[in-house]
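For reference, the structure discussed in these notes is given below.
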Amino acid sequence: MGRLIVISNRVSVPSAAGAAGAQGGLAVALNSALREHGGIWFGWSGQETEEFTGHLDMQRNEGVTTATIDLEAQDVEEYYNGYANRTLWPLFHYRIDLTEYDRNFGEGYERVNERFADSVYPLIADDDLVWVHDYHLLPLGSILRRKGIKNRIGLFLHTPWPPTRLLASLPFHERLVASMLEYDVIGLQTTEWLESFLHYVQKEMGLTVNLDNSIDYQGRRVIARAFPIGIDYAEFSEAAKSDVAKEAHQRLRDSVRGRKILIGVDRLDYSKGLGERFESFSRFLSDHPDMAGKAVLLQIAPPSRGDVESYQQIREDLERKTGHINGAHANVDFVPIRYVNRGYPRAELAGFYRAANVGLVTPLRDGMNLVAKEYVAAQDPEDPGVLILSQFAGAATQLKDALLVNPHSVEHVAETISRALDMPLKERKRRHAALLASVKEMDVLHWLKQYVLALSGVEKGSGALKSDGGPSSADPELAAQEESATLGATEIAGSH
Ligand code: ADP
334 MGRLIVISNR VSVPSAAGAA GAQGGLAVAL NSALREHGGI WFGWSGQETE
384 EFTGHLDMQR NEGVTTATID LEAQDVEEYY NGYANRTLWP LFHYRIDLTE
434 YDRNFGEGYE RVNERFADSV YPLIADDDLV WVHDYHLLPL GSILRRKGIK
484 NRIGLFLHTP WPPTRLLASL PFHERLVASM LEYDVIGLQT TEWLESFLHY
534 VQKEMGLTVN LDNSIDYQGR RVIARAFPIG IDYAEFSEAA KSDVAKEAHQ
584 RLRDSVRGRK ILIGVDRLDY SKGLGERFES FSRFLSDHPD MAGKAVLLQI
634 APPSRGDVES YQQIREDLER KTGHINGAHA NVDFVPIRYV NRGYPRAELA
684 GFYRAANVGL VTPLRDGMNL VAKEYVAAQD PEDPGVLILS QFAGAATQLK
734 DALLVNPHSV EHVAETISRA LDMPLKERKR RHAALLASVK EMDVLHWLKQ
784 YVLALSGVEK GSGALKSDGG PSSADPELAA QEESATLGAT EIAGSH
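First residue of the sequence shown: 334, per our numbering; consecutive thereafter.
Below, the structure is given as structure tokens:
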């Protein structure tokens, strides 16, 4: 097998030993795959430049080579804040009411995808596996094909795939999906999103889906499959046992003075159902006067995508709602909702999860949701907390022993909170053991192996030959840069 070329919007540079645990499971897993197979992680640096030059900043950290480019302010506005986060993200999360259709966004999206392709092209050698991630880069594979790349190219989409009738509201939707059929493997999180995708290609494009879910399109065969992503179980359960986690656990428990704790941990995003969650908790308090002053909801929600108006809006809404609910239920020595807008190191987060009697994971729509899996991994198996999980999170298809809820129904969630807090130890242990087995087995390494196996197993892509025969190894000048890349510190960033 050749090297791995991972392409995502942002690149997560492996952390040095001192900062271990600062990265998410996906970044850790991709970095370990890059270390094993060799290769490069390519993406946007997160920096802006006056004029796009395509200059590659290549660095080598902890055995992994990263290559990043800077983008112009207009690129960031139209591609990242625009088409990716104001058009595709809301649409893919069924929020057609928040979806903005602006021709400039679409043009910026195509321009940046072209820029990505131009910049990464010289780095791709003949036998490399090219693995593109997420909704920011859906047409990238087709642009690489047009440039003559005949390598195996795969896509993994971390978000849901919307129902056909919603997707049909997107101008040029046919062109977007047709461009995706230039990949060899299209990976989705769950069979539900896979079915939606296959429904689209059948109904809107008139294509036939074979029994193995492959699609024949313009003389090529594309495999579409569900690959449910997991957490790095080994890393996270280790983090949960660390001194930092123990200290965080104790600090949180001491601070609530014997009260029950419910925890929510989410990026501040309208897809996470935070407003509905707060209202459900408020309803629970109103319906159970005996629990007044006896249960606390800790909601950790670091702001994200603050340049996008709908995110400013959700932030304001939640601040108002928190104030309102706290005003109604607080006492001189008790505030029911602790709403914290910051991030925490993973070990500390693990300690908070372990201290919580209930994990409240109630997105209105979510590709997978890793917080649900982290909550399970962090529990003490002898005295585990209860996971309340939205039926609309991808994770619900796997974590069937959670208490599954409809997050839109405030009454249902309120009743389920009560049920979770009253659940006998025996049932908590039984449910947790089943959840843990799934989280452990279907971890991020399993996901990664399955995907790489599927991609390396396909016949080499049938795109046209590279016009110059293709570099047999990466461009010599770039290879030299790669060799001499220094151990520099680059901002650690998720792909969002
Ligand atoms: P999404 O990818 O939509 O943000 P996921 O639940 O799949 O949702 O992944 C979120 C990741 O971000 C999890 O690994 C979670 O631990 C991490 N995270 C969320 N909030 C915080 C926080 N306040 N501090 C640290 N990590 C966080």
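We put the beta carbon where it would ideally sit given N, CA and C, even for glycine.
Residue i versus residue j: straight-line alpha-carbon distance, rounded
{"i": "L531", "j": "P472", "result": "18 Å"}
{"i": "G376", "j": "L337", "result": "14 Å"}
{"i": "R616", "j": "P561", "result": "33 Å"}
{"i": "K311", "j": "R679", "result": "Any property of residue 311 remains undetermined from this structure, which presents the chain solely from 334 to 829."}
{"i": "L544", "j": "D565", "result": "32 Å"}
{"i": "V510", "j": "T398", "result": "31 Å"}
{"i": "L404", "j": "G379", "result": "8 Å"}
{"i": "H388", "j": "N437", "result": "25 Å"}
{"i": "L500", "j": "Q522", "result": "18 Å"}
{"i": "A578", "j": "A572", "result": "7 Å"}
{"i": "P714", "j": "H765", "result": "7 Å"}
{"i": "Q783", "j": "F489", "result": "12 Å"}
{"i": "Y677", "j": "Y434", "result": "35 Å"}
{"i": "L778", "j": "H657", "result": "44 Å"}
{"i": "G474", "j": "T401", "result": "18 Å"}
{"i": "G718", "j": "A559", "result": "29 Å"}
{"i": "A753", "j": "R478", "result": "52 Å"}
{"i": "A406", "j": "I486", "result": "29 Å"}
{"i": "S619", "j": "N664", "result": "14 Å"}
{"i": "A450", "j": "I340", "result": "10 Å"}
{"i": "I299", "j": "L595", "result": "The structure shown does not extend to residue 299, since the chain is modelled only from 334 through 829, so no value can be given for it."}
{"i": "P669", "j": "R761", "result": "24 Å"}
{"i": "N394", "j": "T749", "result": "46 Å"}
{"i": "E528", "j": "N690", "result": "35 Å"}
{"i": "D408", "j": "G790", "result": "36 Å"}
{"i": "K654", "j": "D459", "result": "55 Å"}
{"i": "V785", "j": "F425", "result": "25 Å"}
{"i": "L367", "j": "E652", "result": "41 Å"}
{"i": "G597", "j": "R698", "result": "15 Å"}
{"i": "V445", "j": "D576", "result": "44 Å"}
{"i": "A557", "j": "P504", "result": "24 Å"}
{"i": "V344", "j": "S570", "result": "25 Å"}
{"i": "W374", "j": "P455", "result": "14 Å"}
{"i": "P423", "j": "S502", "result": "12 Å"}
Within-8 Å CB hit, residue i to chain D
{"i": "M756", "result": "The displayed structure is made up of one protein chain only, and chain D is not part of it."}
6 Å CB neighbourhood of residue i in its chain, flanking five on each side removed
{"i": "H491", "result": "D467, G700"}
{"i": "H582", "result": "G684, R687, A688"}
{"i": "A797", "result": "Confidence at A797 is low in this model, with a pLDDT of 32, below 50, so the placement of that residue should be treated as unreliable; the coordinate-derived value is given next. Hits under 6 Å: G481."}
{"i": "S613", "result": "V743, V746, A747"}
{"i": "L585", "result": "F685, A688"}
{"i": "L788", "result": "L462, R485, G487, V518"}
{"i": "T524", "result": "A559"}
{"i": "G372", "result": "R336, L337, I338"}
{"i": "G396", "result": "R368"}
{"i": "L421", "result": "Y468"}
Close Cβ partners of residue i (< 7 Å) along its chain, the five nearest in sequence each way excluded
{"i": "V555", "result": "L514, Y516, D517, I519, S547, I548"}
{"i": "Y533", "result": "T497, L500, V510"}
{"i": "S751", "result": "F617, H621"}
{"i": "L737", "result": "L722, Q724, A729"}
{"i": "K536", "result": "T497"}
{"i": "V830", "result": "As displayed, the chain neither begins before 334 nor continues past 829, which places residue 830 out of reach and without an answer."}
{"i": "L540", "result": "V534, I548, Y550"}
{"i": "R638", "result": "N418, Y644"}
Assumed close pair residue i, residue j - CB separation to whole angstroms, cut-off 8 Å
{"i": "S716", "j": "L682", "result": "According to the sequence as given, residue 716 is Asp; it is not Ser. That belief does not hold up - the Cβ atoms of D716 and L682 are roughly 19 Å apart, past 8 Å."}
{"i": "V743", "j": "E568", "result": "With a Cβ gap of about 36 Å, V743 and E568 do not count as contacting."}
{"i": "V453", "j": "Q392", "result": "15 Å between Cβ atoms; not a contact."}
{"i": "G591", "j": "W780", "result": "Not a contact, Cβ separation roughly 40 Å."}
{"i": "M624", "j": "L462", "result": "Rounded, the Cβ-Cβ distance is 53 Å, inconsistent with contact."}
{"i": "R671", "j": "Q632", "result": "7 Å"}
{"i": "D734", "j": "L768", "result": "5 Å"}
{"i": "P635", "j": "R648", "result": "Contact doesn't hold; Cβ gap of about 11 Å is too wide."}
{"i": "I476", "j": "E507", "result": "In fact, because the Cβ distance is near 17 Å, the residues do not count as touching under 8 Å."}
{"i": "W464", "j": "P493", "result": "In fact, because the Cβ distance is near 20 Å, the residues do not count as touching under 8 Å."}
Neighbourhood of residue i by C-beta, 8 Å cutoff - its chain only, sequence neighbours within 5 removed
{"i": "G802", "result": "Unreliable placement is indicated for G802, whose pLDDT of 36 sits below 50; the coordinate value is still reported in the next sentence. Excluding residues within five positions, none has a Cβ falling inside 8 Å."}
{"i": "N342", "result": "G376, W377, Y413, A417, H466, D467, H469, L470, S828, H829"}
Practice item. For the ligand ADP, list every residue whose C-beta falls under 5 Å from any of its heavy atoms, going in chain order. Key: Spelled out in chain order, the answer is G357, V598, R600, I633, P635, G676, Y677, N702, L703, V704.
**Study point:** Stretch pair the segment 433 to 451 + the segment 404 to 422: three plus CB contacts closer than 8 Å
**Key:** yes
Check your understanding: Taking one C-beta from the segment 380 to 389 and one from the segment 362 to 369 each time, how about it: are there three or more such pairs within less than 8 Å?
Key -> no
Check your understanding: Do the segment 688 to 698 and the segment 598 to 608 make contact, defined as three or more Cβ pairs closer than 8 Å?
Key -> Judged by Cβ distances under 8 Å, the segment 688 to 698 makes contact with the segment 598 to 608, as three or more pairs qualify.
Point to revise | Validate contact between the segment 707 to 716 and the segment 767 to 775 using beta carbons, cut 8 Å, 3 pairs | key: Because the criterion of three Cβ pairs below 8 Å is met, the segment 707 to 716 and the segment 767 to 775 touch.
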